[in-house]
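Presented below is the structure to which this report refers.
This is the structure we're talking about:
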């Protein structure tokens with residue numbers, strides 16, 4: 001079964017450093033998402049991406065965050081200058097056109113900011 | 001805004017016990033409702049869904065019925081197995097093509 005893959009599975013970074021989380025969505029999917037879950041809290045939407053641009057973003061997704069589809073397969077989330085409160089599990093997800101109710105998630109990237 | 005509230009965990013059950021994980025929601029209009037499951041070391045997987053009132057979603061022995069009158073979508077399974085140990089997330093989508101709104105998740109541990 002096709003799957004969304006994410007790297008790294010776990011990253012520890014110092015406060016103020018830039019972090020790039022990588023995702024390879026399912027190959028025929030055109031809608032991409034990032035969500036995050038701070039330990040013990042809800043899974044929160046960050047951003048959705050379609051047709052090479054952001055289609056929606058949450059209040060969490062401020063100027064410190066950016067997303068990019070640098071080539072035909074990868075979808076990245078960059079945090080420009082990490083803060084302690086960015087420590088969370090980050091989930092990438094994708095879906096195909098016409099099936100808004102079936103979203104496939106990756107295993108997550110656990111980011112620890114120290 | 002839209003929100004989902006699910007019962008706090010962790011929930012620990014013996015094998016073959018009956019499972020209920022409560023989920024209630026607040027949304028305008030007629031949301032689609034989902035249960036996702038995260039097994040250890042894996043990503044979020046769609047377990048079941050219901051897109052209109054009174055629909056019952058089912059998969060792998062799990063069921064949930066969309067109850068508009070009580071704004072609920074409780075997850076049930078008649079006889080749990082050790083392999084059902086995971087974190088279960090209730091979620092909704094209020095309007096087509098809008099992001100999913102998740103609950104906090106409920107950790108289920110099933111012991112033999």
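Residue numbers (the working numbering), protein chains in the order written: chain R, 1 to 114; chain G, 1 to 112.
The beta-carbon is built from N, C-alpha and C at its ideal position, and this holds for glycine as well.
Practice task
For the beta strand (DSSP E) holding residue 109 of chain R, just list the boundary residues, first then last.
Solution key: For residue 109 of chain R, the uninterrupted beta strand (DSSP E) run begins and ends at 109-113, by DSSP.
Exercise for the section: Enumerate in chain order the residues of its own chain whose CB-to-CB distance from residue 67 of chain R is below 6 Å, with the five nearest sequence positions on each side excluded. Expected result: Cβ within range, chain order: 47, 49, 77.
Practice task
Below 7 Å between beta carbons is the criterion; list the residues of the segment 41-66 of chain R that meet it against any residue of chain G, in chain order.
Solution key: Hits within the stretch, in order: 41, 42, 43, 45, 48, 56.
Exercise for the section: Could you tell me whether the Cβ of residue 37 of chain R comes closer than 9 Å to any Cβ of chain G? Expected result: Interface residue, yes.
Practice task
Sort out for me which residues DSSP pairs residue 22 of chain G with in a bridge.
Solution key: BP columns for residue 22 of chain G are empty, so no partner.
Exercise for the section: Could you check if residue 71 of chain R is buried or exposed, using at least 16 other CB atoms within 10 Å of its CB as the buried criterion? Expected result: Exposed is the call here.
Exercise for the section: Select from the segment 78-108 of chain G all residues with a C-beta closer than 9 Å to any C-beta belonging to chain R, and list them in chain order. Expected result: Listed by position, the residues of the segment 78-108 of chain G near chain R (Cβ gap below 9 Å) are 89, 91, 93, 96, 97, 98, 99, 100, 101, 102, 103, 104, 105.
Exercise for the section: Note down the Cα distance separating residue 52 of chain R from residue 32 of chain R, rounded to an integer number of angstroms. Expected result: For residue 52 of chain R and residue 32 of chain R, the gap between their C-alpha atoms comes out near 10 Å.
Handout entry: Which listed residue (G:98, G:7, G:8, G:48) has its alpha carbon closest to that of residue 66 of chain G
Key = Closest option to residue 66 of chain G, Cα to Cα, is G:48.
Exercise for the section: Indicate whether residue 21 of chain R and residue 109 of chain R have their beta-carbon atoms separated by less than 9 Å. Expected result: With contacts defined as CB atoms closer than 9 Å, residue 21 of chain R and residue 109 of chain R qualify as a contacting pair.
Handout entry: Classification of residue 31 of chain G by the beta-carbon crowding that lies within 10 angstroms, buried from 16 upward
Key = Taking all protein chains in view, the Cβ of residue 31 of chain G is crowded by 16 or more other Cβ atoms within 10 Å, so the residue is classified as buried.
Problem - Backbone secondary structure at residue 82 of chain G - three-state DSSP - result: Reduced to three states, the DSSP call for residue 82 of chain G is helix.
Problem - Endpoints, the beta strand (DSSP E) within which residue 77 of chain G is located - result: For residue 77 of chain G, the uninterrupted beta strand (DSSP E) run begins and ends at 75-77, by DSSP.
Handout entry: 9 Å Cβ cutoff, residue 13 of chain G in contact with chain R
Key = At a cut-off of 9 Å between beta-carbon atoms, residue 13 of chain G makes no contact with chain R.
Problem - Three-state secondary structure assigned by DSSP to residue 8 of chain G - result: Residue state, collapsed to three classes: coil.
Practice task
Compare the C-beta of residue 49 of chain G with all C-beta atoms of chain R and state if any pair is closer than 9 Å.
Solution key: Output row for residue 49 of chain G: interface = yes.
Exercise for the section: Determine, using beta-carbon pairs with one atom in the segment 11-30 of chain G and one in the segment 87-97 of chain G, whether at least three such pairs fall under 8 Å. Expected result: Two segments are said to touch when three or more pairs of C-beta atoms, one from each, lie closer than 8 Å; by this definition the segment 11-30 of chain G touches the segment 87-97 of chain G.
Problem - Interface residues of the segment 23-50 of chain G facing chain R [CB-CB below 8 Å] - result: Within the segment 23-50 of chain G, the residues whose Cβ lies closer than 8 Å to some Cβ of chain R are 32, 34, 36, 41, 42, 43, 44, 45, 46, 49, listed in chain order.
Exercise for the section: Please find out if some non-hydrogen atom of the ligand ATP comes closer than 8 Å to the beta-carbon of residue 94 of chain G. Expected result: This structure simply doesn't include the ligand ATP, nor any ligand for that matter.
Handout entry: Beta-bridge partners of residue 59 of chain G, as assigned by DSSP
Key = Under DSSP, residue 59 of chain G shares a beta bridge with G:62.
Problem - chain G within 9 Å of residue 101 of chain R, Cβ atoms only - result: At least one beta carbon of chain G lies nearer than 9 Å to the beta carbon of residue 101 of chain R.
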